[in-house]
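Below is one structure, written out as structure tokens, with a few remarks after it.
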Amino acid sequence: MSWGFAIWAATLAFAAAVMAVTRASAVHALLLLLASLLALGVAFFAMAANFAGVIQLLIYAGAVVAVFVFVVMTVDAGEAAMAREREMLRSAWRWPALFVGLSVIPILFGIGGGPMGEGAPAGADTRELGLLLFGDWGVATELVALMLIAGMIGVRHLGRNLGPRLRERGRE
Amino acid sequence: MTPLNILLVLSAGLFMAGLFGVAARRTILMQLISLEVMLSGPALGFIAVGAYHGSVEGTGMFLMVLGLAAAEVALGLAIYLHMRRATGGDSDAAHRLRG
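Protein sequences, first through last, are from chains A and B. Numbering-wise (our numbering), the first sequence opens with residue 9 and increments by one. Numbering-wise (our numbering), the second sequence opens with residue 766 and increments by one.
Written out as structure tokens, the structure is:
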């Protein structure tokens, strides 16, 4: 049963992703990407990967999409752009809302039915994961941390003169 | 087809959709969104295989993919903000890079 729900949610994620990469407007694409990532999170929950599902919702659907939204806001901050976005958003929410709504159906089925998957309970799952990441996979975890630090330094370097330039463009 | 097969096909489909986006779109912002879709394909595959074998290693690999995606988005969007001034966000026009 839980595999069926996982396949259902993953199919929705795939459909939303195909629509996201074919949209003309960046805001439409972002909303569809958000719907795709949320549906993928539902698929993770259905496969009893609770920790991965929570991380998917918090980091991917939360932080990563928020960064995209900040950039779209920074780039298109003029009055004309705002009016255009308002016009476009009037209908843009329908498709993402459909995908998210459809992927919620398994959760509604799962309420009252106990855990949706047949995997390990969440507590043991997270404990094992911590032991794996900081035990056997310690070097890989360190490398990911190094990569994130390199990314942070790179962003700091790239963005050092960006503020004044963006302000200038805003005044134009 | 077993459920795992179907999920792996969907994971490959997600990856191919993202690859199509990276290749077909010319706006850098849309290419970054497509890259996100590309990375979510393998993430689904890792979680599905991990769930199938009842192991947490799938989730571990998912966290690695997540770290990669976070670094990629931060750097990609910073580069996008820079390139937009020079090229208007068109990746074909960006044949010259200078730090």
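In this text, a Cβ means the ideal position worked out from N, Cα and C, and glycines have one as well.
Proximal chain B residues relative to residue i, where beta-carbon distance stays under 7 Å
i, result
"A/G159", "A836, A839 and L840"
Residue i, DSSP secondary structure in three states
i, result
"A/P123", "Low confidence applies to A/P123: its pLDDT is 49, below 50, so where it sits in the model is not reliable enough to give any reading."
"A/G167", "coil"
"B/H847", "helix"
"A/A128", "Residue placement at A/A128 is flagged as unreliable, the pLDDT there being 43, under the threshold of 50; a coordinate-derived value is accordingly withheld."
"A/W103", "helix"
"B/V821", "coil"
"B/M766", "coil"
"B/G778", "helix"
Among the options, nearest to residue i - alpha-carbon criterion
i, options, result
"B/S805", "B/L846, B/M829, B/A843 and B/R850", "B/M829"
"A/A17", "A/M160, A/L110 and A/L139", "A/L110"
"A/V35", "A/S10, A/G49, A/V75 and A/M155", "A/V75"
"A/S44", "A/V83, A/A105, A/V77 and A/F13", "A/A105"
"A/A54", "A/L20, A/V79 and A/W11", "A/W11"
"B/A782", "B/R791, B/S799 and B/T792", "B/S799"
"B/G825", "A/D144, A/L156 and A/G70", "A/D144"
Partner residues on chain B for residue i, Cβ-Cβ distance less than 9 Å
i, result
"A/V152", "L828, M829, L831, G832, L833 and A836"
Endpoints, the alpha helix (DSSP H) within which residue i is located
i, result
"A/S44", "A34 to A54"
"A/V80", "V73 to V83"
"A/I63", "N58 to I63"
"A/S10", "S10 to T30"
Amino acids of chain A, ordered along the chain, whose beta-carbon sits closer than 7 Å to that of residue i
i, result
"B/A778", "Reading off the sequence, residue 778 of chain B comes out as Gly, not Ala. Near B/G778 (Cβ distances below 7 Å), the residues of chain A are F22."
"B/G865", "No statement about residue 865 of chain B is possible, as the shown extent of chain B runs from 766 to 864 and does not include it."
"B/V821", "D133, E136, L137 and L140"
"B/P807", "Under the 7 Å cutoff, chain A gives no residues; its nearest Cβ is about 12 Å from B/P807."
Beta-carbon neighbours of residue i, restricted to chain A and to distances below 9 Å
i, result
"B/H818", "Residues of chain A passing the Cβ test: none, with the nearest at roughly 10 Å."
"B/I793", "Here the premise fails: no neighbours, minimum Cβ distance about 10 Å."
"B/L772", "W11, A14, I15, A18, A51 and M55"
Under 8 Å by beta carbon: chain A residues contacting residue i
i, result
"B/V802", "A25, A28, V29, L41 and S44"
Contacts of residue i in chain B (Cβ-Cβ under 8 Å)
i, result
"A/A34", "T792, L794, M795 and I798"
"A/V72", "E801, A834, A835 and V838"
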